[in-house]
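J.: If you read the sequences in order, they're chains A and B. Positions in the first sequence are counted from 1; adding 136 to them yields the numbering used here. Positions in the second sequence are counted from 1; adding 136 to them yields the numbering used here. Glycine included, each C-beta is placed from N, C-alpha and C at the ideal position. The structure displayed is predicted, hence computed values, not measured ones. Input: one structure, supplied below.
Protein chains: 2
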Amino acid sequence: MNEAARNSATGKPSTEKPSTMPSATGTRPALADAAPPAANEDRPEVPAYDLMELLFFAYRDFVADPDRILAEYGFGRAHHRVLHFVDRNPGLTIAELLDILRITKQSLNRVLKELIEQGYIAQRTGTSDRRHRLLSCTPSGRRLARRLAALQGRRLRRALDEVGPELRGPAGRFLLALIEPGERDAVSRLLAAPAATDEP
Amino acid sequence: MNEAARNSATGKPSTEKPSTMPSATGTRPALADAAPPAANEDRPEVPAYDLMELLFFAYRDFVADPDRILAEYGFGRAHHRVLHFVDRNPGLTIAELLDILRITKQSLNRVLKELIEQGYIAQRTGTSDRRHRLLSCTPSGRRLARRLAALQGRRLRRALDEVGPELRGPAGRFLLALIEPGERDAVSRLLAAPAATDEP
DNA sequence: GAGATATGTCAACAACACTGACATAAATCC
DNA sequence: GGATTTATGTCAGTGTTGTTGACATATCTC
Numbered sequence: 137m138n139e140a141a142r143n144s145a146t147g148k149p150s151t152e153k154p155s156t157m158p159s160a161t162g163t164r165p166a167l168a169d170a171a172p173p174a175a176n177e178d179r180p181e182v183p184a185y186d187l188m189e190l191l192f193f194a195y196r197d198f199v200a201d202p203d204r205i206l207a208e209y210g211f212g213r214a215h216h217r218v219l220h221f222v223d224r225n226p227g228l229t230i231a232e233l234l235d236i237l238r239i240t241k242q243s244l245n246r247v248l249k250e251l252i253e254q255g256y257i258a259q260r261t262g263t264s265d266r267r268h269r270l271l272s273c274t275p276s277g278r279r280l281a282r283r284l285a286a287l288q289g290r291r292l293r294r295a296l297d298e299v300g301p302e303l304r305g306p307a308g309r310f311l312l313a314l315i316e317p318g319e320r321d322a323v324s325r326l327l328a329a330p331a332a333t334d335e336p
Numbered sequence: 137m138n139e140a141a142r143n144s145a146t147g148k149p150s151t152e153k154p155s156t157m158p159s160a161t162g163t164r165p166a167l168a169d170a171a172p173p174a175a176n177e178d179r180p181e182v183p184a185y186d187l188m189e190l191l192f193f194a195y196r197d198f199v200a201d202p203d204r205i206l207a208e209y210g211f212g213r214a215h216h217r218v219l220h221f222v223d224r225n226p227g228l229t230i231a232e233l234l235d236i237l238r239i240t241k242q243s244l245n246r247v248l249k250e251l252i253e254q255g256y257i258a259q260r261t262g263t264s265d266r267r268h269r270l271l272s273c274t275p276s277g278r279r280l281a282r283r284l285a286a287l288q289g290r291r292l293r294r295a296l297d298e299v300g301p302e303l304r305g306p307a308g309r310f311l312l313a314l315i316e317p318g319e320r321d322a323v324s325r326l327l328a329a330p331a332a333t334d335e336p
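Here it is as structure tokens:
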């Protein structure tokens, strides 16, 4: 079921709301440079509902891309996240990965074990600290990781082409500013990650 | 376990990567206006890994905000999403909500039933089509929805203050461009939603 | 050698998604 | 006005991904 499932004339719910609502389709008042809601004295300022919802929909579609492919391998989104960060940061330790994903060791272990058993990720013991398990992608792991990244990269490139490539920097800064302040340095360090090897 | 759990000197994994990596903390090369990776003939262009990861981290922190409060009520993120869209679009039908959330009717029903039983959402039968169930928030539902929205709104406002309010429009356009093209009109219609009643 | 740290593992459980099947009421089509 | 379609509700089973709590092992640090 999709758009056809819509009902009431405008596609909007049926509450009687006389005028004030521009006929939507085509014009996007919320995204033009409408003055941000003025924060006067007692009214604490209207939250940016549009951005909240855009973030929800954008993320929804963004993570949906890889799902088809993952299903072919019997993997889910959790596997994707692990594969992605290991591919981007070869030599990553378990503790670092846990700090990135913010899940419990037990949760990570389940998916990581599967990725290792099926030959997508390899472990080696750390040299300076032999307690560490340094994670890296096997060739097939790297292939899968890059295939998924290419998919999401395509969506990002398309988006940047549409809004203008000059918005790449601003978009990144905006997203970074959404991140918990105390985490930004750690994230920035991660982003600066080398492109690893360049072989597909 | 948090930052203290980090190990290797730089906070980066231990692969030997001689120079090329600026000492991260403070400077954020990936977010400056570094020329986007040139797309020459055979090399299909390097995907925007930085944006992928920023989207992941930003969304992770963005949805984490309401969790504490939801836990007080015994609710989860699924309840939050339902509450949010019903608050923003009073009179929403089940089918419309399903199309927004992209989950199955059975999944929705579980959380919706709880929200209704506990008096946060009310149903009434449609007038033009009596098969429809028009959803709306009760006063306490609206209170909760707005409390959660205020939290996320605060994070958005802070971010916009940091990057400059002139990026609000561009940020929204970028997020919209990430959405599946066929969905954008539906999303835009939703965003144009009236602010419903203004009472907190 | 004592204690802290990094990892691994077992067991139980919870939230949230899925499929498939079936039921009811109301609208629409012919 | 009966057949069909649509909108919703519900039962039952399952899978993925997260959680807690407890405990084990290897290794590093002091």
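Using the Cα positions of A/V182 and B/A285, report the straight-line distance between them to the nearest angstrom.
T.: By 1-based counting over the first sequence, the position of residue 182 of chain A is 46. By 1-based counting over the second sequence, the position of residue 285 of chain B is 149. Each residue's alpha carbon lies about 10 Å from the other.
J.: Count the other C-beta atoms from every protein chain shown that fall within 10 angstroms of the C-beta of A/E302, then say buried if there are 16 or more, exposed otherwise.
T.: Position 166 of the first sequence, counting from 1, holds the residue named residue 302 of chain A. Classification of A/E302: exposed, given that the 10 Å Cβ count is below 16.
J.: In the DSSP assignment, what residue or residues form a beta bridge with A/I257?
T.: The residue labelled residue 257 of chain A in the question sits at position 121 within the first sequence. Partner(s): A/C273.
J.: Leaving out five residues before and five after A/V218 in sequence, what residues of the same chain have Cβ atoms less than 8 Å from its Cβ?
T.: In the first sequence, residue 218 of chain A corresponds to position 82, counting from 1. Cβ within range, chain order: L233, L237, L244, V247, L248, L251, I257.
J.: Compute the distance between the beta-carbons of B/A194 and A/A307, then report whether it is under 8 Å.
T.: Indexing the second sequence from 1 puts residue 194 of chain B at position 58. Indexing the first sequence from 1 puts residue 307 of chain A at position 171. Not in contact: B/A194 and A/A307 (Cβ atoms no closer than 8 Å).
J.: At 7 Å on the CB atoms, spell out the chain B contacts of A/Y195, in chain order.
T.: Taking the first residue of the first sequence as position 1, residue 195 of chain A is located at position 59. Going along chain B in sequence order, the residues near A/Y195 (Cβ under 7 Å) are L191, Y195.
J.: Please report the distance separating the alpha-carbon of A/L228 from that of B/A214.
T.: Counting from 1 along the first sequence, the entry for residue 228 of chain A is found at position 92. Counting from 1 along the second sequence, the entry for residue 214 of chain B is found at position 78. Looking at the two C-alpha atoms, the distance is approximately 32 Å.
J.: Looking at chain B, which residues of the stretch 276-289 of chain A have a Cβ within less than 8 Å of any of its Cβ atoms?
T.: Those residues of the stretch 276-289 of chain A that come within reach of chain B (Cβ to Cβ, closer than 8 Å) are A285, A286, Q288, G289.
J.: Quick one: which chain A residues come within Cβ less than 8 Å of B/L340?
T.: Because residue 340 of chain B is not part of the residues shown, which for chain B are 137 to 336, the question remains open.
J.: At 4 residues or longer, what runs of the alpha helix (DSSP H) sit wholly inside the stretch 189-247 of chain B?
T.: 203-209, 213-224, 230-237, all fully within the stretch 189-247 of chain B.
J.: Identify whether B/D265 lies in helix, strand or coil by the three-state DSSP scheme.
T.: Looking up residue 265 of chain B in the second sequence gives position 129. DSSP places B/D265 in coil when its eight states are reduced to three.
J.: What is the DSSP secondary structure of A/P183, reduced to helix, strand or coil?
T.: Position 47 of the first sequence, counted from the start, is the residue given in the question as residue 183 of chain A. Three-state result, A/P183: coil.
J.: Can we say the stretch 187-203 of chain A touches the stretch 285-301 of chain A, given the rule of at least three CB pairs closer than 8 Å?
T.: Enough Cβ pairs lie closer than 8 Å, so yes.
J.: In whole angstroms, give me the CA-to-CA distance for B/V299 and A/G305.
T.: To locate residue 299 of chain B, count along the second sequence from 1; it is residue 163. To locate residue 305 of chain A, count along the first sequence from 1; it is residue 169. Going by the C-alpha atoms only, they are around 11 Å apart.
J.: Taking 8 Å as the CB-CB cut-off, is A/E253 touching chain B?
T.: Here residue 253 of chain A refers to the residue found at position 117 of the first sequence. So, not an interface residue.
J.: If you draw a straight line from the alpha carbon of A/L191 to that of A/I315, how long is it in whole angstroms?
T.: For the purposes of this step, residue 191 of chain A is taken as residue 55 along the first sequence, with counting starting at 1. For the purposes of this step, residue 315 of chain A is taken as residue 179 along the first sequence, with counting starting at 1. Using only the alpha carbons, I get a separation of about 13 Å.
J.: So which residues on chain B does A/P202 lean against when the C-beta distance must stay under 7 Å?
T.: Taking the first residue of the first sequence as position 1, residue 202 of chain A is located at position 66. None at all; the shortest Cβ gap to chain B is about 11 Å.
J.: Run through chain A and tell me which residues come within less than 7 Å of B/G210, C-beta to C-beta.
T.: Counting from one through the second sequence, the residue named residue 210 of chain B turns up at place 74. Within chain A, no residue comes near B/G210; the closest Cβ sits about 21 Å away, beyond 7 Å.
J.: Does any CB atom of chain B fall closer than 8 Å to the CB of A/R260?
T.: On the first sequence, position 124 is the one that residue 260 of chain A refers to. It does not: the Cβ of A/R260 has no partner Cβ on chain B nearer than 8 Å.
J.: So which residues on chain B does A/A307 lean against when the C-beta distance must stay under 8 Å?
T.: Translated into positions along the first sequence, residue 307 of chain A becomes position 171. Residues of chain B passing the Cβ test: L187, P306, A307, F310.
J.: Measure the alpha-carbon distance for A/A329 versus A/V323 and round it to whole angstroms.
T.: Working through the first sequence from its first residue, we reach residue 329 of chain A at position 193. Working through the first sequence from its first residue, we reach residue 323 of chain A at position 187. Distance between the alpha carbons of A/A329 and A/V323 is about 10 Å.
J.: Look at the alpha carbon of B/A141 and the alpha carbon of B/L280, and state the distance between them as a whole number of angstroms.
T.: For the purposes of this step, residue 141 of chain B is taken as residue 5 along the second sequence, with counting starting at 1. For the purposes of this step, residue 280 of chain B is taken as residue 144 along the second sequence, with counting starting at 1. In this predicted model, B/A141 has a pLDDT of only 33, less than 50, meaning its place in the structure is not dependable; the value taken from the coordinates is given anyway. Going from the Cα of B/A141 to the Cα of B/L280 covers about 36 Å.
J.: Taking the continuous alpha helix (DSSP H) assigned at A/L303, which residues delimit it?
T.: Along the first sequence, read from residue 1 onward, the residue named residue 303 of chain A stands at position 167. Per DSSP, A/L303 belongs to no alpha helix (DSSP H) and is neither H nor E.
J.: Since A/G262 and A/L270 are thought to touch, with beta carbons under 8 Å apart, how far apart are those beta carbons, to the nearest angstrom?
T.: Your numbering for residue 262 of chain A matches position 126 in the first sequence. Your numbering for residue 270 of chain A matches position 134 in the first sequence. About 6 Å; that satisfies the 8 Å criterion.
J.: Taking Cβ-Cβ distances shorter than 7 Å, what residues in chain A pair up with B/R224?
T.: Here the question's residue 224 of chain B lines up with position 88 in the second sequence. Chain A residues near B/R224: Y185.
J.: Less than 8 Å between the CB atoms is what I'm expecting for B/F310 and A/A295, so what's the real figure, rounded?
T.: Position 174 of the second sequence holds residue 310 of chain B. Position 159 of the first sequence holds residue 295 of chain A. At roughly 6 Å, the Cβ-Cβ gap stays under 8 Å, so B/F310 and A/A295 are in contact.
J.: Is A/R186 buried or exposed, if buried means 16 or more other CB atoms sit within 10 Å of its CB?
T.: Your numbering for residue 186 of chain A matches position 50 in the first sequence. Residue 186 of chain A is actually Asp in this sequence, not Arg. A/D186 comes out buried.
J.: Is it the case that the Cβ atoms of A/R320 and A/L327 are separated by a distance below 8 Å?
T.: Position 184 of the first sequence, counted from the start, is the residue given in the question as residue 320 of chain A. Position 191 of the first sequence, counted from the start, is the residue given in the question as residue 327 of chain A. Not closer than 8 Å, so no.
J.: Using only the alpha-carbon positions, how far apart do A/D274 and B/R196 sit?
T.: The residue labelled residue 274 of chain A in the question sits at position 138 within the first sequence. The residue labelled residue 196 of chain B in the question sits at position 60 within the second sequence. Before going further, note that residue 274 of chain A is Thr rather than Asp in the sequence given. Taking the straight line from one Cα to the other gives about 28 Å.
J.: Excluding the five sequence neighbours on either side, which residues of its own chain have a C-beta within less than 6 Å of the C-beta of B/R267, listed in chain order?
T.: Counted from its first residue, the second sequence places residue 267 of chain B at position 131. Cβ within range, chain order: n/a, list empty.
J.: With burial defined as no fewer than 16 other Cβ atoms inside 10 Å of the residue's Cβ, what is the status of A/A184: buried or exposed?
T.: For the purposes of this step, residue 184 of chain A is identified with residue 48 of the first sequence, where counting begins at 1. With 16 or more Cβ atoms within 10 Å of its Cβ, A/A184 is classed as buried.
J.: If the criterion is Cβ atoms closer than 8 Å, does the pair B/S97 and B/P226 meet it?
T.: For residue 97 of chain B there is no data in the structure shown, the boundaries of chain B being 137 and 336.
J.: Helix, strand or coil for A/A166, going by three-state DSSP, please let me know.
T.: Walking along the first sequence from the start, residue 166 of chain A turns up at place 30. Because the pLDDT of A/A166 is 49, which lies under 50, any placement of that residue in the model is unreliable, and the number read from its coordinates should be weighed accordingly. Helix, per DSSP.
J.: So, under 8 Å CB-CB, A/I205 and A/R283 are touching, yes? Tell me the CB distance rounded to an integer number of Å.
T.: Counted from its first residue, the first sequence places residue 205 of chain A at position 69. Counted from its first residue, the first sequence places residue 283 of chain A at position 147. Confirmed, about 7 Å.
J.: Answer yes or no: does any C-beta atom of chain B fall closer than 8 Å to that of A/V323?
T.: What you label residue 323 of chain A is simply residue 187 of the first sequence in a count that begins at 1. For A/V323, the answer is yes, since a Cβ of chain B falls inside 8 Å of its Cβ.
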